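Asks: In UniProt numbering, the protein residues as written are 1 to 127.
Note that CB positions come from ideal geometry on N, CA and C, so glycine has one too.
This one's a predicted model, so the numbers in the text were calculated from it and none came from an experiment.
To start, I am sharing the structure in question, which I have written as structure tokens.
Listed below in structure tokens is the structure:
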């Protein structure tokens, strides 16, 4: 969305760093279908933790880092999320589309699609 903030600093104001250098900005591309939600922290941490093994099995990367950075959501008979996940401190990322069914359905979230490899600078776009 126009005016969506760029990821330049951590929530506490410190700049993101990678091997002593500042990491470039990242943003979410405009889309009429996705609601810009923002930084992926406490609000959806449980969801992202739940799908972590599903993402790791689909991405052929032996990374110890798994940090959801940004996400956008769309509500339609459940919630669709598009998430940017940092996989290493060199800026390697994966973009993940997650579907979380309604609570009354009693089903776990599903990883629908993955775009890999992505860089920290690649905008998060709906796919």
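Using only CA atoms, which one of 65, 57, 78, 81 lies nearest to residue 87?
Replies: 65
Asks: Could you spell out the range, first to last residue, of the beta strand (DSSP E) harbouring residue 116?
Replies: 110-119
Asks: In whole angstroms, what is the alpha-carbon distance linking residue 96 and residue 72?
Replies: Answer to the nearest angstrom: the Cα atoms are 11 angstroms apart.
Asks: Thinking residue 94 and residue 51 are a contact (beta carbons under 8 angstroms), I'd like their distance in whole angstroms, please.
Replies: Actually they are not in contact, since the Cβ atoms of residue 94 and residue 51 sit about 11 angstroms apart, beyond 8 angstroms.
Asks: DSSP on residue 44, reduced to helix/strand/coil?
Replies: It is helical.
Asks: For residue 70, count neighbouring Cβ atoms within 10 angstroms of its own Cβ and tell me buried if that reaches 16, exposed if not.
Replies: buried
Asks: Alpha carbons only, please: which of 126, 82, 46, 78 is nearest the one belonging to residue 104?
Replies: Comparing Cα-Cα distances from residue 104 to each of 126, 82, 46, 78, the minimum goes to 78.
Asks: Here's the rule I'm using: 16 or more other beta-carbon atoms within 10 Å means buried, otherwise exposed. How should residue 1 be labelled?
Replies: Residue placement at residue 1 cannot be trusted, given a pLDDT of 39 that sits under 50; what the coordinates show is reported in the next sentence. Exposed.
Asks: Could you name the residues that DSSP lists as bridge partners for residue 68?
Replies: 85.
Asks: May I ask which residues mark the beginning and end of the beta strand (DSSP E) holding residue 92?
Replies: 92-100
Asks: For residue 68, which residues from the same chain have a beta carbon less than 7 angstroms from its beta carbon, with the 5 sequence-adjacent residues on both sides left out?
Replies: Shown here for residue 68: same chain residues with a beta carbon closer than 7 angstroms to its own, the five before and five after excluded, namely 40, 48, 83, 85 in chain order.
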